[in-house]
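First up is the structure itself, then whatever we jot down about it.
In the UniProt record's numbering, the protein residues as written are 1 to 493.
Have a look at this one:
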């Protein structure tokens, strides 16, 4: 039925489940002989989705072959995530039709999609922090394996088979971002999905983890499963995808195969114009220290109740105008280091000096007022008020500073004007500043945060995964702005 307007050993498959979780056998396409199976896993035809003031998707056509990795690329706000939410039953299209395994379907909810063998790992995770991994995985699927020993055994079986390394009894709030993503992938596999939607799955993974993920995707593909892969990392797309669809401003503009294109050509298809050449400028690095971290030590109690050193005798310095990169596999102290510099954790020993002043035990607000800007790793948890309008998010973390306040009083009119400036200068795709932050795509949320932090001319900008969810063109514009702001030190994780 069409929507209005358009016509090692792998774990065993899950047992038959109740209606809400069952996977229905695909019906053969019209005209096909009985028992025939289509080689098309998913077909989207004429998909259109409108929101107040914006058309997110317009007349989109995509055909996804069974047993392939199909990549979906496009600029921030191009409509990729909206399209996948439609396929996952989270939103209904205004026009167009969806066919899964050759059968035209209506998806009213994620339960409908799951029953058709479609699962989704979202860019921003759908996990309950105060639940364990096991509780998160079985939530909503209790009738598959129960909630105790059988479920635990199944989780371990899937985790071991796909190299996910998930511990069922750990609280999600104690997991890093990469581990949370593995839990999300395990949730999808636990429900027996045949078509997996992965929205920016490598955004927070280090290269070794990306390689492991891609190996898993290839194994899934070899077993006949289908993967829809949304990414801004075009080199990764070319290395893993069998087919690529490019979306620009809400509509499909090209379908290509990796062997016939390259990252630059894909990027130009995404933005609709030729990419500018990178600017070459003189170094802005000076001889003056902006941030000095000396013998920093931080301990924490792990999930097993054992106190351990998270940071041990950390020393580094950043000079004015310098960009310092901090690299490493997730879970080795990068997040804790950022939190210690921001005042979110109190170090056990050592000193942190900002522009000559000791801030080792200063509160976060004082550090903000002294000139530290902060782009958090997880923008939903630490960077935005999702249900607040954009202009209120522009104020976040800078309530006492101009133009947000005047003579100690909040100045909403000035904050609104400055939000309009940020939206224009940083190309935040939005119908207006009164919409909520939750209504923006992930990349546009990130642009709003970067614009907010750069607007206060920070002495020091702490940027944890600053280009997460960001396409090439905005990355170039942001990098140019940052480089031009001589005197700003930028530690980048």
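For glycine and all other residues, C-beta sits at the position ideal for the given N, C-alpha and C. Source: prediction; values computed, not measured.
Just the Cα atoms here: how many angstroms apart are residue i and residue j?
| i | j | result |
| --- | --- | --- |
| residue 112 | residue 259 | 36 Å |
| residue 434 | residue 68 | 41 Å |
| residue 410 | residue 401 | 9 Å |
| residue 142 | residue 104 | 29 Å |
| residue 287 | residue 173 | 41 Å |
| residue 415 | residue 424 | 14 Å |
| residue 109 | residue 220 | 25 Å |
| residue 98 | residue 388 | 33 Å |
| residue 375 | residue 86 | 30 Å |
| residue 83 | residue 137 | 25 Å |
| residue 429 | residue 125 | 22 Å |
| residue 164 | residue 454 | 38 Å |
| residue 183 | residue 357 | 42 Å |
| residue 62 | residue 79 | 13 Å |
| residue 53 | residue 432 | 8 Å |
| residue 171 | residue 193 | 25 Å |
| residue 420 | residue 216 | 44 Å |
| residue 115 | residue 202 | 27 Å |
| residue 75 | residue 147 | 41 Å |
| residue 466 | residue 379 | 10 Å |
| residue 395 | residue 352 | 27 Å |
| residue 70 | residue 242 | 6 Å |
| residue 438 | residue 391 | 13 Å |
For residue i, count neighbouring Cβ atoms within 10 angstroms of its own Cβ and tell me buried if that reaches 16, exposed if not.
| i | result |
| --- | --- |
| residue 273 | exposed |
| residue 252 | buried |
| residue 327 | exposed |
| residue 153 | exposed |
| residue 377 | buried |
| residue 290 | buried |
| residue 447 | buried |
| residue 226 | buried |
| residue 239 | exposed |
| residue 332 | exposed |
| residue 257 | exposed |
| residue 264 | exposed |
Let me know the secondary structure DSSP gives residue i once reduced to three states.
| i | result |
| --- | --- |
| residue 90 | coil |
| residue 364 | helix |
| residue 58 | strand |
| residue 290 | strand |
| residue 21 | Per-residue confidence for residue 21 stands at a pLDDT of 32, beneath the threshold of 50, marking its modelled position as unreliable; no derived number is given. |
| residue 359 | coil |
| residue 374 | strand |
| residue 254 | strand |
| residue 229 | strand |
| residue 263 | helix |
| residue 212 | helix |
Taking residue i as the reference, which of the options has the closest Cα?
| i | options | result |
| --- | --- | --- |
| residue 494 | 236, 223, 157 and 352 | It is not possible to answer for residue 494, since the shown part of the chain is limited to 1 through 493. |
| residue 312 | 343, 40, 299 and 319 | 299 |
| residue 248 | 58, 454 and 218 | 58 |
| residue 102 | 45, 95, 53 and 151 | 45 |
| residue 461 | 399, 388, 341 and 389 | 341 |
| residue 324 | 292, 267 and 234 | 292 |
| residue 343 | 245, 391 and 370 | 370 |
| residue 187 | 230, 119 and 124 | 119 |
| residue 398 | 94, 379 and 449 | 449 |
| residue 223 | 178, 282 and 196 | 196 |
| residue 426 | 404, 451, 412 and 437 | 451 |
| residue 233 | 205, 438, 225 and 216 | 205 |
| residue 456 | 405, 464, 444 and 55 | 405 |
| residue 134 | 168, 158 and 305 | 168 |
| residue 463 | 403, 392, 383 and 422 | 383 |
| residue 64 | 314, 396, 100 and 413 | 100 |
| residue 386 | 150, 348, 441 and 362 | 441 |
| residue 320 | 302, 284 and 335 | 284 |
Does the beta carbon of residue i come closer than 8 Å to any beta carbon on chain C?
| i | result |
| --- | --- |
| residue 450 | Within the model displayed, chain C is absent; a lone protein chain is all it includes. |
CB of residue i to nearest heavy atom of the ligand ADP: below 7 Å?
| i | result |
| --- | --- |
| residue 86 | This structure lacks the ligand ADP; in fact it carries no ligand of any kind. |
Completely contained alpha helix (DSSP H) runs for the segment 153 to 196, where each covers 4 or more residues = 177 to 190
key: 3 or more residues per run - each beta strand (DSSP E) lying fully within the segment 402 to 471   = 460 to 463
message = Could you tell me which whole beta strand (DSSP E) segments of length 3 or greater appear in the segment 291 to 332?
response = 307 to 319 and 323 to 325
query = Where are the beta strand (DSSP E) runs, 3 residues long or more, that stay fully inside the segment 63 to 112, in chain order?
reply = 69 to 74, 95 to 100 and 103 to 105
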